[in-house]
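I have placed the structure first, in the form of structure tokens, so that the comments after it can refer back to it.
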Amino acid sequence: MALIDPIVVELEGRLESPGESLPVSGKVDIPGYAVGEKEFQLEDGISYDVVLTNAGDGILVSGLVRAHVIGTCDRCLDPAHFDVAGELEEYFLFHEPEDAEAYEDGFELVGENRSVDLAGPIADAVIMDTPFVVLCRPDCAGLCPVCGCNLNHEQCDCAEQAEEDWVQSDENPFAALKNLKLDE
Ligand SMILES: [Zn+2]
Ligand SMILES: [Zn+2]
559 MALIDPIVVE
569 LEGRLESPGE
579 SLPVSGKVDI
589 PGYAVGEKEF
599 QLEDGISYDV
609 VLTNAGDGIL
619 VSGLVRAHVI
629 GTCDRCLDPA
639 HFDVAGELEE
649 YFLFHEPEDA
659 EAYEDGFELV
669 GENRSVDLAG
679 PIADAVIMDT
689 PFVVLCRPDC
699 AGLCPVCGCN
709 LNHEQCDCAE
719 QAEEDWVQSD
729 ENPFAALKNL
739 KLDE
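In our numbering, the protein residues as written are 559 to 742.
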């Protein structure tokens, strides 16, 4: 993912006791991101809406991220629009735990001045909610494998032609019959 600049929330003097919580929301103004080889554009950045809770041995961050995304259709290469609405959850421990294995879902550590950086969890949530297969519409017709035209916008006779060719080809068990000349 195109790196999100750190979004540091300083908790100095806040969330001092277990059970206390603090809502934090905002917007990350980045033009886009990438997942593997795929690039995605953001129409209006990434919005996040989270609650930070003092959970005793750390700060639990949970909430939602939302974004309007424009990718490229995997079938026809046209722009494909979709919405991301992903859940975000991250645990920031106050101290390095003695038994790190106990935290199956992983954890981060609270930084200097009791700060937490929301950038990583926000980026992860957006990537998690970005579909693996991106389509411009569920029934996208794709590109013609022969001539490459976009079958959503154009029609070609490649499919018909292929069928005709097959009828005439040797692979067609009935082709031989067609060449039979019956004596008149
Ligand atoms: Zn498409
Ligand atoms: Zn074609």
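Beta carbons are placed, not taken as given, at the ideal position from N, Cα and C, and that holds for glycine. Just so you know, these numbers come straight off a predicted model, no measurement behind them.
Check                                                                                      : Outcome
Under 8 Å between C-beta atoms of G616 and V567                                            : no
Any non-hydrogen atom of ligand 1 within 7 Å of C634 CB                                    : yes
E647: first and last residue of the uninterrupted alpha helix (DSSP H) it sits in          : Here E647 belongs to no alpha helix (DSSP H); instead the beta strand (DSSP E) covers 637 to 651.
Bridge partner(s) assigned by DSSP for I628                                                : Q599, H639
Where the alpha helix (DSSP H) containing G584 begins and where it ends                    : Premise fails: G584 lies in the beta strand (DSSP E), 579 to 586, not in any alpha helix (DSSP H).
Simplified DSSP state of D675, which is helix, strand or coil                              : strand
Of the residues D632, D607, E578, the one placed nearest F690, counting alpha carbons only : D632
V582 beta carbon near ligand 2 (any heavy atom closer than 7 Å)                            : no
Beta-carbon proximity check, I565 vs D675, cutoff 8 Å                                      : yes
Best match in D728, L569, A699 for proximity to Y636 [C-alpha to C-alpha]                  : A small correction: the amino acid at residue 636 is Asp; Tyr does not occupy that position in the sequence shown. The option with the nearest alpha carbon to D636 is A699.
Whole-angstrom distance between V623 and R572, CA atom to CA atom                          : 23 Å
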